[in-house]
Structure formats: structure tokens, C-alpha cells
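Line order of the protein sequences matches chains A and B. Residue 53 is where the first sequence starts when you use our numbering, and the numbers rise one by one after that. Residue 119 is where the second sequence starts when you use our numbering, and the numbers rise one by one after that. By construction, the Cβ of each residue, glycine as well, lies at the ideal position given by its N, Cα and C atoms. Remember, predicted model here, so these are calculated numbers, not experimental data.
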Amino acid sequence: MKLTRRLFLGATTAMALASSAYAQDKGTIYYMVPTLLDEFQTTSVDAIEKFMGEVGYEVVTLNADNKTDLQQSQMADTILLDPEAIVIAPVDFNALVPAIEEARAAGIPVMIFDRQITETMIDFTSVAGTIEIGHVAAGEIKRLLTEKNGSVTGTVLQVLGDPGDPYTLDIQKGFEELMAGEDVEIITHPAMQWEASNAGTIVADELLATPDIDLIFVHAAHLSVAAVASLEAAGKAPGDVMVVSSNGAPVGLDLIRQGWQQVEVEQPLFAQAAALAMFADKIVAGEEIEPGTYDVLGLESTVTIEDWGPNIKIPGAAITPENVDDPTFWGNLQAPDDPITPVE
Amino acid sequence: MTPARRRMLEFLLDNLVWLMLIAVLVIFSLTVPRYFQFGIFANILEQSTYVGVMAIGLAIVIISGNLDLSVESTAALAAMITGLLFASSGIGMGLTLGPSFIAIPLSMLIAMAVGVVIGFINGFFVIKVGMSAFIVTLASFIWVRGLVVAISGGRSAQSLDPAIRVLGVERLFGVPLLAWFAVLCFVIFSLIMAKTPFGRYITLVGGNEVATYRAGIPANKILWMSFVIAGALAGLAGWLLAIRTSGATANLGTGMLFNAFAAVVIGGVSLKGGIGKLPGVYAGVLLIYSIHTAINLMRLPAHWTQVILGLLVLAAVLLDTLKLRLREKLL
Numbered sequence: 053m054k055l056t057r058r059l060f061l062g063a064t065t066a067m068a069l070a071s072s073a074y075a076q077d078k079g080t081i082y083y084m085v086p087t088l089l090d091e092f093q094t095t096s097v098d099a100i101e102k103f104m105g106e107v108g109y110e111v112v113t114l115n116a117d118n119k120t121d122l123q124q125s126q127m128a129d130t131i132l133l134d135p136e137a138i139v140i141a142p143v144d145f146n147a148l149v150p151a152i153e154e155a156r157a158a159g160i161p162v163m164i165f166d167r168q169i170t171e172t173m174i175d176f177t178s179v180a181g182t183i184e185i186g187h188v189a190a191g192e193i194k195r196l197l198t199e200k201n202g203s204v205t206g207t208v209l210q211v212l213g214d215p216g217d218p219y220t221l222d223i224q225k226g227f228e229e230l231m232a233g234e235d236v237e238i239i240t241h242p243a244m245q246w247e248a249s250n251a252g253t254i255v256a257d258e259l260l261a262t263p264d265i266d267l268i269f270v271h272a273a274h275l276s277v278a279a280v281a282s283l284e285a286a287g288k289a290p291g292d293v294m295v296v297s298s299n300g301a302p303v304g305l306d307l308i309r310q311g312w313q314q315v316e317v318e319q320p321l322f323a324q325a326a327a328l329a330m331f332a333d334k335i336v337a338g339e340e341i342e343p344g345t346y347d348v349l350g351l352e353s354t355v356t357i358e359d360w361g362p363n364i365k366i367p368g369a370a371i372t373p374e375n376v377d378d379p380t381f382w383g384n385l386q387a388p389d390d391p392i393t394p395v396e
Numbered sequence: 119m120t121p122a123r124r125r126m127l128e129f130l131l132d133n134l135v136w137l138m139l140i141a142v143l144v145i146f147s148l149t150v151p152r153y154f155q156f157g158i159f160a161n162i163l164e165q166s167t168y169v170g171v172m173a174i175g176l177a178i179v180i181i182s183g184n185l186d187l188s189v190e191s192t193a194a195l196a197a198m199i200t201g202l203l204f205a206s207s208g209i210g211m212g213l214t215l216g217p218s219f220i221a222i223p224l225s226m227l228i229a230m231a232v233g234v235v236i237g238f239i240n241g242f243f244v245i246k247v248g249m250s251a252f253i254v255t256l257a258s259f260i261w262v263r264g265l266v267v268a269i270s271g272g273r274s275a276q277s278l279d280p281a282i283r284v285l286g287v288e289r290l291f292g293v294p295l296l297a298w299f300a301v302l303c304f305v306i307f308s309l310i311m312a313k314t315p316f317g318r319y320i321t322l323v324g325g326n327e328v329a330t331y332r333a334g335i336p337a338n339k340i341l342w343m344s345f346v347i348a349g350a351l352a353g354l355a356g357w358l359l360a361i362r363t364s365g366a367t368a369n370l371g372t373g374m375l376f377n378a379f380a381a382v383v384i385g386g387v388s389l390k391g392g393i394g395k396l397p398g399v400y401a402g403v404l405l406i407y408s409i410h411t412a413i414n415l416m417r418l419p420a421h422w423t424q425v426i427l428g429l430l431v432l433a434a435v436l437l438d439t440l441k442l443r444l445r446e447k448l449l
């Protein structure tokens, strides 16, 4: 039996993330993760636990299993436990607003991770921006279409995640905003419940209905695996139909290395999690957060004071065959070595 | 009514789901652009494979008078173990074993063994402990999916061994090899159900368990075996799914239980047990995926896809109910 390099890297990263032997004496922070059925989210648990541990907080993670009502119940229970703070990656962007207001009224600061809530005041928000992910994807897709067809023309099959998930709808919004006005036909289908074989089915059907598809834009890397499997089953070779995906998961990076995928839009998971830890002391103490630019794991990130509170935006990046092995991409599963330094 | 007319009517009612399938295919072929082509029909056959194989086991359990809600999670676990062992990227360990022709039967047997174990556990609690099949298999539905997440850590296995993956790429008579597995399973299990004592006992036990027991038929053994078969077939469905997606993700197969149930009901299997034939179930699966494919090709707005599919399934079940009433009235 041969353990692959990937498995080794994954195991060592998990160990590195899990074994942060730092003083955890500042209290407990709860992290509400939306699901554990997705690599981005499972890695976010490890990252938040590690980085918060480095600045002195113990993290307890609660999985909402993609159920809004369960996450609401978890919030209600957690408020009674009086933690130092709550970090939420919401299942539904706005359904948690009453629970967030209740937590803040009880004196518990609330931080938002990855999925932006703008309908109420939040103590701190750390995002790459789902709409911005769509923008980055659109820019790369325009480039790829131009390289292939000489101009921004052609046919793009867009495979969303579950149509009930605002995350995928925001990416779609950002993508279509920037593609508007271009001579590009965009065919859009949802992969129900973010299930990979549904994405494979869509691609298999559309390859017959629209044989001239130039590019497939898939909203998560695990869906692109099934999309590529359908391309292979249809007799396509790598590059015959271009593939772009988002979130930066390891499987997407592997597909780039294999030549099937051209671009993966990275969500800077490690930096998003690290930003929470950098500002945790200030947030827990109720101190003011200064707007400006901050270095978060080497990424220049901008804190602005929005209507919903302090918001740090960390730039996403386009992963291509040229930079796919960059260790700062979370999909390469190499946790940063440098400890987090709290913002003074 | 003359005997000949009665036979004809009975034949039509028995095969109404096939007639519905033909009608749907004709309507879609005439109205949906690019639907009428061999590749689309081959796609429908392939897409029906996983739920189809799963639905055979589910139908057998339901005909025997029980219920198995765990088939979807069992398939997911079998897919994940196949991916873990035989995929080379992500969390896959890239297991390679001597000659490549061994990989297909070995991986299939491992996946089916996973299903057999879960089916055996389900059967134990239902038959030996006397617990409700609904509760036992609901619990399995939850803990088996939890096990998938636990062993994968939420991560994916990708790039299945090409020696196995060949089944997901190659075709026979233009139809993907994977689809032939479903056809073969339906033929084999239809014959078992119709022509063997075991198949007849399943139906008898589902119709009246006490009477069957009094007639000297080992009802408990038959019922337990039905859970084991359902588990094995769910494992097989998971193996096929892993081949199709060239690996496995933690949420692979999510939602397939409901499609399998819909196919079983549309196919004429009574949820009360004792009634049902497997060819009808296959027609039910094909009907669902014909509709699914049409929705894809019609490019309907994303949010409405699920609504339309649900309504069409409801319409199909309503037609099936009407069929039963007509049968009671005329025959």
C-alpha cells in the first residue's frame, strides 16, 4: 500500500493545526461551522482552532450540518454558556440576525467568518467576499476565452451549488455582473445539495445538448471532480473543454496539475481564519478597530468600517498551472509556521 | 368482460409505468430541443444506474414488509471506502494490487461487503431485537453518514485507479458500461423474485408474515436476508458512484434515498408490503431520470428545478394510484 504525498501532507497539516501547544487561558470561543461535508469548512475548523489557540483562546466547534434551524438552536444554547466570543460561518446569511442581536445584547461579541452578514451590526467580519470570488472567476474566464477564441466570446456552462445556498448565488451574481455585455452565452444549472454526481450529470447532458461548450465554471472544487469525470467519459482530453472552479480545495489544485482544470479561484482560508485571531483580543475587550491595511499571513488586507461594523477583506487569488504549488494556498495543505501576533 | 379483454387490461395496468415512460420520452423528444438523440438516452440509462441499483434492494425490503432508510448512507460509505483505498489524490491511498484486472472485482467485493455488514446490523436489530425497521434504519442513515465524514475528515478522494475507472469511461453498444450493471442487476433480481422460492417467500412474508411463519417458511431468515441484500446492493451502488465520479466526496449520494423511494413507489411497489415487481421499479427510475434530463435540457431557472421535479413525481404517483383504483373497479 502506498501513501500518497497528498495524504502525507494532509496528515502533517492536520497534526500541525491540531497540536498548537499554546497557553489557552483567555477563555472559550465557539465556532459555528455550517457543515463538515466540505473540505473548506473542515480545514477552517482546524485553522481557527490553531490560530485562536496561538493567541490564547480555546475553541469549541459546533457543526450545523447545513441546517439553519440547527444553527439557530446552537446560537441560543451558546449564548447561555457566556463564551468570550462567537465565530459564525452562517448556513443562511440573514436567518441568524435575531440570534446575533441576542448574543450581542448579552455582551458576547460576534465575529463572522467567510460568509458576510450585512443586515445587522457585527463586531468583526473576515471575508474574501463571495461576490468578489465571482469577479475573480469572471476575469480569469474572460482571459481564457480570449486566449482560445481571440476575444471574449463563446459558451460557458456554469454549475452552481445548491440553489438554496446564498453562497453560490453570490458567486453567480459576481460572475454574471462582470460577464454582462460580453458576447458569451452562459448556461446555468444547480447541482442540488452540492452533490458531486449531480454536477457530473449536468455536464454529461449539456455536452450533448450544447456540444460547443468552451468552458465549465463550477462553484466548488469537489464538483469539478465529477465534471471532469463526465468530460473524460465523453471522450474529451484535458484542455478540450476548459474548467474553472472556486474555493481552492486540494482536489481543484490536483486537477490543475493533471491539466484538466485551468484556474481555481482561491479563498484565502488560512488568512481569513488568522485575521479573526489577530483581532480577537480587541474584539473580546470591546476595543475600537482601526481601519487601514494589515498584513495577514503576507496578504495585504484592508479593514474598513462598514454599516455592519469592522470588515476585513482579504484578496482571493487565481490559482493557475504557473503558481499551483505556492504553499500559501490552503489547498496545498501547508499550515503557516509563523505564530499569529495579536493586533495592538 | 371477456377473459381476453381482462388479460389485456391487466397487462396494461401492470405495465402502466412503462407506458408512462414511453409517453414521457415521446413528449420530451417532440418538445425539448436536442432531447431526441441516442446519447441522451444513454445518459438517462447511466444516470439511473446508482439510484436504480439502490432501489432494487429498497424494493425487496419494502416488498418484504419493512423499510430501509440507510441505503443512501451505505452507498456513500462504500463509495468513500472505494475512494480511500483505490484513488490516488486527495485522501486516497492509491492501493495497487498486482494485475490490474483484480482491481475491479476486489474493489466491488469490498464495497459490497461494507453494505453487507450494515445490512446485517440493520437486520439484527429489526429481526433479533424486534425494533422498528424505520427507527433502526433511520439511525443507520445518520450514523453511517457520520462515519463517512469521520473517516474522510470531510475531505475528498480523487483520481480512481484507471483499472477501475475504465468502467466509467468505456461503452458497450454505445451505452456506458456502468449502465449495464443496473440492467444486469434488474434482470438477475427480477428473475430471483419471480422464479425462485426465495423471491416468492419475500412477497409472501410481506403480504402476511404470520401466515408465512405458520406455513413453515423461515420468515425471520427471509426478512434478515432482505436487509443484507439491500445493504449489498447499496454497497454496489456506492462502488458504481465512486467510479462515475472518479472518487468520493463526503456528501456523495446525498438526496438519492428520496429518488429511490420515488422510483419504488412509481414502479408499483406497495409501501404496505407484499406487492411489487422489480421491472416496474426500473421503469420508475428511468422515468425520474428522463424528467431530470429534460429539466436540464430545458434550462429552467435554477430555483424551479426542484419544484418541477417534485410535482412531476407527484403526478406520476397520482397516476399510479388511479391505476390501482381502476384495477379494483374493473377487475
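In terms of residue numbering, what span does the beta strand (DSSP E) encompassing Met294 (chain A) cover?
-> Unbroken beta strand (DSSP E) run through Met294 (chain A): Met294 to Asn299.
8 Å Cβ cutoff, Val277 (chain A) in contact with chain B | Yes, because at least one Cβ of chain B sits closer than 8 Å to the Cβ of Val277 (chain A).
Mind checking who Ala137 (chain A) pairs with in its DSSP beta bridge?
-> Note: Ala137 (chain A) sits in a beta bridge opposite A:Ile81.
Return the CA-CA distance between Ile174 (chain B) and Leu89 (chain A), expressed in angstroms with no decimal places.
-> If you take the alpha carbons of Ile174 (chain B) and Leu89 (chain A), they lie about 27 Å apart.
Could you please tell me which residues of the segment 226 to 253 of chain A, in chain order, have their CB closer than 7 Å to any CB of chain B?
-> Per Cβ criterion, the list reads Ile239, Thr240, His241, Pro242, Met244, Gln245, Trp246, Glu247, Ala248, Ser249, Gly252 and Thr253.
Exposed or buried, what is Thr149 (chain B) when buried is set at 16 or more other beta-carbons lying within 10 Å of its beta-carbon?
-> Flag for Thr149 (chain B) reads exposed.
Residue-level contact to chain A via CB, Leu432 (chain B), 8 Å cutoff = No, Leu432 (chain B) does not count as interfacial toward chain A.
What residues of chain B sit near Gln93 (chain A), judged by a beta carbon separation below 9 Å?
-> Those are Gly272, listed as they occur along chain B.
For the beta strand (DSSP E) containing Val355 (chain A), list its first residue and its last residue.
-> Val355 (chain A) -> beta strand (DSSP E) spans Leu351 to Glu358.
Euclidean distance between Cα positions of Ala279 (chain A) and Thr167 (chain B) = When rounded, the distance between both Cα atoms is 18 Å.
Going by DSSP, which residues form a beta bridge with Ile164 (chain A)?
-> Assignment of beta-bridge partners to Ile164 (chain A) by DSSP yields A:Ile140 and A:Thr177.
Ala368 (chain B) versus chain A: which residues are under 7 Å apart at the beta carbon?
-> Within 7 Å Cβ-Cβ: Leu89.
Could you name the residues of chain A that Leu359 (chain B) contacts, counting a contact when the two beta carbons are closer than 7 Å?
-> For the C-beta of Leu359 (chain B), the chain A residues within less than 7 Å are, from N- to C-terminus, Ser249.
For the ligand ATP, any of its heavy atoms closer than 7 Å to the Cβ of Glu229 (chain A)?
-> Of ligands this structure carries none, so the ligand ATP is not represented either.
Pick from B:Thr192, B:Val189, B:Phe238 and B:Phe156: whose alpha carbon is nearest that of Arg289 (chain B)?
-> For the residues B:Thr192, B:Val189, B:Phe238 and B:Phe156, the minimum Cα distance to Arg289 (chain B) belongs to B:Phe156.
8 Å Cβ cutoff met for Thr450 (chain B) and Ser274 (chain B) = Because residue 450 (chain B) is not part of the residues shown, which for chain B are 119 to 449, the question remains open.
What are the boundary residues of the alpha helix (DSSP H) that Lys288 (chain A) is part of?
-> Lys288 (chain A) -> no alpha helix (DSSP H), and no H or E assigned at all.
Give the DSSP-derived three-state secondary structure of Ala368 (chain B) in the structure shown.
-> Reduced to three states, the DSSP call for Ala368 (chain B) is coil.
Three-state secondary structure assigned by DSSP to Lys334 (chain A) = In the structure shown, Lys334 (chain A) falls within a helical segment according to DSSP collapsed to helix, strand and coil.
Would you kindly report the start and end of the unbroken alpha helix (DSSP H) that includes Gly210 (chain B)?
-> Here Gly210 (chain B) belongs to no alpha helix (DSSP H), and DSSP marks it neither H nor E.
Give the interface partners of Leu415 (chain B) over in chain A, defined as CB-CB distance under 9 Å, in chain order.
-> For the C-beta of Leu415 (chain B), the chain A residues within less than 9 Å are, from N- to C-terminus, Asp257, Glu258, Leu260 and Ala261.
From what residue to what residue does the beta strand (DSSP E) around Leu418 (chain B) run?
-> Where Leu418 (chain B) is concerned, there is no enclosing beta strand (DSSP E), given that its DSSP letter is neither H nor E.
8 Å Cβ cutoff, Val303 (chain A) in contact with chain D = Protein chains in the displayed structure are A and B, and chain D is not among them.
For Phe219 (chain B), is the classification buried or exposed, using 16 other Cβ atoms within 10 angstroms of its Cβ as the cut-off for buried?
-> Phe219 (chain B) is exposed by the Cβ-count criterion.
Chain B contact residues for Glu284 (chain A), given Cβ-Cβ distances below 7 Å | Simply Val287.
Three-state class that DSSP yields for Tyr74 (chain A) in the structure shown | In this prediction, Tyr74 (chain A) scores a pLDDT of 49, lower than 50, which makes its location untrustworthy; the coordinate-derived value is nonetheless stated afterwards. Here Tyr74 (chain A) sits in coil by DSSP.
Proximity winner among A:Val107, A:Glu153, A:Ala273 and A:Ser96, relative to Thr393 (chain A) (alpha-carbon distances) | When only C-alpha atoms are compared, the closest one is A:Val107.
C-alpha gap between Asp186 (chain B) and Ala329 (chain A), whole angstroms | It is roughly 46 Å from the alpha-carbon of Asp186 (chain B) to the alpha-carbon of Ala329 (chain A).
Could you tell me the distance, in whole angstroms, from the CA atom of Phe345 (chain B) to the CA atom of Ser282 (chain A)?
-> Cα to Cα, Phe345 (chain B) sits roughly 32 Å from Ser282 (chain A).
Distance CB(Thr192 (chain B))-CB(Val262 (chain B)) smaller than 8 Å | It is a contact, given that the beta carbons lie within the stated cut-off.
Going along chain B, which residues have a C-beta under 7 Å from His274 (chain A)?
-> Result: Ser274 and Thr367.
Starting from Val317 (chain A), follow its DSSP beta bridges and name the residues at the other end.
-> Val317 (chain A) is bridged to A:Ser298 and A:Ala370.
From the beta carbon of Thr149 (chain B), is the nearest beta carbon of chain A less than 8 Å away?
-> Not one chain A Cβ lies under 8 Å of Thr149 (chain B).
Gly292 (chain B): which of B:Glu164, B:Leu130, B:Ile140 and B:Leu134 sits nearest, CA to CA?
-> Gly292 (chain B) has its Cα closest to that of B:Glu164, out of B:Glu164, B:Leu130, B:Ile140 and B:Leu134.
Beta bridge counterpart(s) of Ile364 (chain A) as assigned by DSSP = Under DSSP, Ile364 (chain A) forms a beta bridge with A:Ser178 and A:Val355.
Find the nearest neighbour of Thr220 (chain A) within the set A:Pro379, A:Ala273 and A:Leu385, judged by alpha-carbon distance.
-> The shortest Cα separation from Thr220 (chain A) among A:Pro379, A:Ala273 and A:Leu385 belongs to A:Ala273.
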